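109 is the number of the first residue of the sequence shown in the working numbering; add one for each residue after it.
Cβ coordinates follow ideal geometry from the N, Cα and C atoms, glycine included.
Just so it is clear, the structure is predicted and the values come from calculations on it, not from any experiment.
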Amino acid sequence: MSVVFLSESNFSNEVERSELPVLVDLYADWCAPCKAMEPVLEAVEREFTGRLKVCRADVAQAPRLATRFKIFSIPTLLLFNEGAVMDKLVGNVSKERLIDRINNILLKKEAK
């Protein structure tokens, strides 16, 4: 999976200033449900190549991001567009549900 790994120092450039919508996976290495989401994220990344950036942030390595976005449970997926959070999904999410939510964001972006 060729995702961008986020830190507190590169978050602004990679997410808030991105020209593409961004899916951010907030996870932890020790989290079994987070590991179960990896194949879903890989599939989404392949399906939306060139239309969506996929990033991951380890909450243990970037605790300020977890605090800033009020992450109380992992995995949490945040969908950003033009630097703003447009959607939030908590827990394991099916590929179909995630694709549906991403398509909603892309349709709004394309309608502008």
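Segment limits, beta strand (DSSP E) that includes residue i
i: residue 142; result: Per DSSP, residue 142 belongs to no beta strand (DSSP E); it is in the alpha helix (DSSP H), 140–155.
i: residue 176; result: Here residue 176 belongs to no beta strand (DSSP E); instead the alpha helix (DSSP H) covers 171–176.
i: residue 209; result: That residue, residue 209, is in no beta strand (DSSP E); its alpha helix (DSSP H) goes 203–219.
i: residue 134; result: 130–135
i: residue 198; result: 192–198
i: residue 164; result: 161–166
i: residue 114; result: Residue 114 -> no beta strand (DSSP E), and no H or E assigned at all.
Chain-order list of residues whose beta-carbon lies under 8 angstroms from that of residue i (same chain, five-residue window excluded)
i: residue 173; result: 114, 116, 119, 134, 165, 167 and 179
i: residue 149; result: 109, 111, 131, 133, 162 and 164
i: residue 153; result: 109, 110, 111, 160 and 162
Separation of residue j from residue i, as counted between CA atoms
i: residue 246; j: residue 185; result: Because the chain is modelled from 109 through 220, residue 246 falls outside the range shown and cannot be assessed.
i: residue 139; j: residue 215; result: 32 angstroms
i: residue 182; j: residue 162; result: 17 angstroms
i: residue 158; j: residue 129; result: 10 angstroms
i: residue 176; j: residue 170; result: 10 angstroms
i: residue 218; j: residue 205; result: 20 angstroms
i: residue 151; j: residue 203; result: 8 angstroms
i: residue 141; j: residue 199; result: 7 angstroms
i: residue 136; j: residue 188; result: 20 angstroms
i: residue 194; j: residue 144; result: 24 angstroms
i: residue 210; j: residue 146; result: 17 angstroms
Buried/exposed call for residue i, threshold 16 Cβ in 10 Å
i: residue 124; result: exposed
i: residue 192; result: exposed
i: residue 127; result: exposed
i: residue 190; result: exposed
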